[in-house]
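Worksheet: one structure, shown below.
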Amino acid sequence: MTDEPVERAETTATGYSWYVLGVLVVVYILNFIDRQIVSILAVEIKADLDLTDSEMGFLGGAAFAVFYALFGVPLGRLADNWHRVRLLSAGLALWSTMTALSGFARTQLTLSLARMGVGVGEATASPTAYSLISDYFPKRQRATALAIYSSGLYLGGGVSLLIGASISQAWNRAYPSGGPLGLVGWQAAFLAVGVPGLLVALWVATLREPPRDRPARAQRRPFREFFVDLSTIVPPFTLIGAWRRGPAALALNLAFAAATIGLAWTMIGFTGNVPQWSAAGLGYYAVFSWASDLRARDPATFRLIWGTPAFICTTLGYSMVSLAAYALAFWAAPYAETVLHLPKQELAFILGANGAIAGFLGVIIGGRLADALRARDPAGRVLMIVFGVVAPIAPIWIGYTTSNSTLFYTMNFLAGMFGAAALGAAAATTQDLVLPRMRGTATAAFFLGTTLVGLCFGPYVVGQISDLAGSEVDGRLIGDLRTGILSLVAVAPVALGLLFFAYRAVPRAEATLEERSGELA
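One point on numbering: in our numbering, the residue at position 357 of the sequence shown is 346, and numbering is uninterrupted.
Here it is as structure tokens:
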């Protein structure tokens, strides 16, 4: 067997290929329903479990994000080396089970553990789906197929609000004092969206595993490789990986772990939020371990990613955009319900549709504009990321200070569309800053940044500031969500500083790729 690409005989996708794509779209819809449904249930969960806004921010962000990010790297590699259909089926079964178990949660701890499990399971979805689509569709049809698959993101994210609101309200009307097993509306909603996923997992298991278009080297022991990958990024396996690199590497790893624990302990003392800072510390220690392993294993790739300020500043600059976007995606519905007192069914429908349409339009239009700017200026795409930072400020400020529901919905739509416009520009810029063989690793680094900065901290920061600005009423802390959400504009100066540096550094960094990598032609 060779590592050369296999020439595909068919010039167009078969009917079965389109059938597989349809199944994968259903899986991706479920993926985002299970991920996003917490938002529309947040008010009920908060009241039932007696949580603060910062504790809800953890459930909507870091509880999922850290484990999704950490397991994404080794599970992505397992998808390259093992049976992808089985891996996707197992992952779907896991995250659906954990979503259903969320419905039996009685404390913040049990709900947090369930959300962590959802993150691990969902980390299997896109690596397996992208790989399967690439092998089921010839090159000339792949972009169309991947775009259709990606529509599941907007469909799932949009309908999750409507489904969650409908089930919760219907259950509470039918069982005002609690239903079977004492379950209330938000718990029934988790069960209702989790259980069907188990049936879909059985459906996925019936799909045929296609021949790989580009077979990797033969892997007789894929799970051995998987556990080796775990040792590069998932604690405490990272200590094994550091030990294998030698005593100095292990000492440095332990020193960074100690520093991370110290910083997390300090932030816990300041905020009182143990799970948020424990999870964030775990995530950042894991990234350090992964980068250290990459430096020893592939110095050229390390230099072009972690050793390139243009790459780091582009990723972190866009991460500020994603921080605001994830925060709004999570808190818009609770804000509309508790501050504007809008009907839950109405806000779920409008915000869900808004999010789906705004995200789709923003990504498509922003991508086209970014490419046009790049044709005129080597760093032109960075200007599109700057737009994603600056343009949402006015809609956020207007939308979250008005009491007019129509204006709120309109401004929320514009903020979402403007923020989404930066994604394609940021992803493409980071791809331009590495050699072709490094693009997979660059993608992993980019999404680690956006997940561990944006999703990990976006919902939490709004919740924490809401708590700090709130007041006690009858012994309960009532947060100030308006102040929490408006505080998001404070990330703009940080993002603009990072992107200003990136704009200046990108042309030279791109022009010296081979020289800096040491892989001269």
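Glycine residues also receive a C-beta, built at the ideal position from the N, C-alpha and C atoms.
Computed from a prediction, not measured in an experiment: that's the story for all the values here.
C-alpha distance - residue i paired with residue j, whole-angstrom precision
{"i": "P384", "j": "D456", "result": "23 Å"}
{"i": "A205", "j": "P211", "result": "Its pLDDT being 48, under 50, A205 is placed unreliably in this model, and the coordinates cannot settle the point."}
{"i": "D69", "j": "A416", "result": "22 Å"}
{"i": "E503", "j": "L424", "result": "8 Å"}
{"i": "S101", "j": "V478", "result": "28 Å"}
{"i": "L150", "j": "L466", "result": "26 Å"}
{"i": "Q420", "j": "D39", "result": "45 Å"}
{"i": "G261", "j": "I454", "result": "13 Å"}
{"i": "A345", "j": "T303", "result": "26 Å"}
{"i": "G61", "j": "V462", "result": "42 Å"}
{"i": "W295", "j": "G306", "result": "15 Å"}
{"i": "S545", "j": "G438", "result": "Only positions -10 to 510 of the chain appear in this structure, which leaves residue 545 out of reach."}
{"i": "G92", "j": "Y315", "result": "23 Å"}
{"i": "G351", "j": "P169", "result": "43 Å"}
{"i": "A321", "j": "N20", "result": "20 Å"}
{"i": "V184", "j": "A299", "result": "45 Å"}
{"i": "I156", "j": "I339", "result": "17 Å"}
{"i": "R213", "j": "A159", "result": "48 Å"}
{"i": "V328", "j": "S394", "result": "11 Å"}
{"i": "V189", "j": "L81", "result": "8 Å"}
{"i": "V480", "j": "Q176", "result": "35 Å"}
{"i": "S139", "j": "A361", "result": "23 Å"}
{"i": "H72", "j": "S78", "result": "10 Å"}
{"i": "T227", "j": "S220", "result": "4 Å"}
{"i": "R286", "j": "P116", "result": "22 Å"}
{"i": "L317", "j": "A289", "result": "38 Å"}
{"i": "G65", "j": "A248", "result": "29 Å"}
{"i": "E(-7)", "j": "G429", "result": "Bear in mind that the predicted position of E(-7) carries a pLDDT of just 40, short of 50, making it unreliable; the figure below should be weighed with that in mind. Roughly 18 Å separates the two Cα atoms."}
{"i": "Q25", "j": "F319", "result": "8 Å"}
{"i": "G145", "j": "A325", "result": "20 Å"}
{"i": "G281", "j": "R292", "result": "Per the sequence presented here, residue 281 reads as Ser, with Gly not at that position. About 12 Å."}
{"i": "M427", "j": "V375", "result": "26 Å"}
{"i": "E499", "j": "I353", "result": "25 Å"}
{"i": "R131", "j": "L10", "result": "11 Å"}
Residue i in three-state terms, based on DSSP
{"i": "E198", "result": "coil"}
{"i": "L466", "result": "strand"}
{"i": "D39", "result": "coil"}
{"i": "P332", "result": "coil"}
{"i": "P169", "result": "helix"}
{"i": "Y164", "result": "coil"}
{"i": "A89", "result": "helix"}
{"i": "T418", "result": "helix"}
{"i": "G507", "result": "coil"}
{"i": "A411", "result": "coil"}
{"i": "A31", "result": "helix"}
{"i": "T472", "result": "helix"}
{"i": "A359", "result": "helix"}
{"i": "A2", "result": "coil"}
Unbroken alpha helix (DSSP H) run spanning residue i, endpoints
{"i": "Q495", "result": "A quick correction: the sequence has Val, not Gln, at residue 495. Where V495 is concerned, the enclosing alpha helix (DSSP H) stretches over 480 to 500."}
{"i": "L422", "result": "Careful: L422 lies outside any alpha helix (DSSP H) and carries neither H nor E."}
{"i": "A247", "result": "236 to 260"}
{"i": "P211", "result": "211 to 222"}
{"i": "L228", "result": "226 to 233"}
Minimum Cβ-Cβ distance from residue i to chain C less than 8 Å
{"i": "V379", "result": "No chain C appears in the structure shown, which is made up of a single protein chain."}
Residues near residue i by beta carbon distance below 7 Å, same chain, minus five either side
{"i": "T391", "result": "F397"}
{"i": "R201", "result": "D124"}
{"i": "L59", "result": "I222, V223, G272, A275"}
{"i": "G507", "result": "A289"}
{"i": "L487", "result": "C302, L305, G306"}
{"i": "V12", "result": "W192, V193, L196"}
Span of the beta strand (DSSP E) around residue i
{"i": "S460", "result": "460 to 462"}
Beta-carbon proximity list for residue i, same chain, < 8 Å, skipping 5 on both sides
{"i": "A511", "result": "Any question about residue 511 goes unanswered here, given that the chain covers just -10 to 510."}
{"i": "F552", "result": "Outside the modelled stretch of the chain, which goes from -10 to 510, sits residue 552, for which no answer is possible."}
Cβ neighbours of residue i in the same chain (closer than 6 Å, five flanking residues each side left out)
{"i": "P367", "result": "P496"}
{"i": "A434", "result": "I294"}
{"i": "E(-4)", "result": "Reliability of the predicted coordinates at E(-4) is poor, the pLDDT of 41 falling under 50, and the value obtained from them is presented with this limitation in mind. Nothing meets the Cβ criterion."}
- Which runs of the alpha helix (DSSP H) fall wholly inside the segment 262 to 313 and span at least 4 residues, in chain order? Segments of the alpha helix (DSSP H) lying fully in the segment 262 to 313: 263 to 286, 288 to 294.
- Contiguous alpha helix (DSSP H) assignments of at least 4 residues, all confined to the segment 362 to 398: Here the runs fully enclosed are 369 to 379, 382 to 388.
- Whole beta strand (DSSP E) runs in the segment 50 to 84 with 3 or more residues, listed along the chain? Listed in chain order, the beta strand (DSSP E) elements of length 3 or more contained wholly in the segment 50 to 84 amount to none.
- Message: At 4 residues or longer, what runs of the alpha helix (DSSP H) sit wholly inside the segment 94 to 147?
- Response: Listed in chain order, they are 97 to 111, 114 to 125.
- Message: Just to confirm the assignment: which complete alpha helix (DSSP H) runs, minimum length 4, are found wholly within the segment 429 to 459?
- Response: The qualifying runs are 445 to 458.
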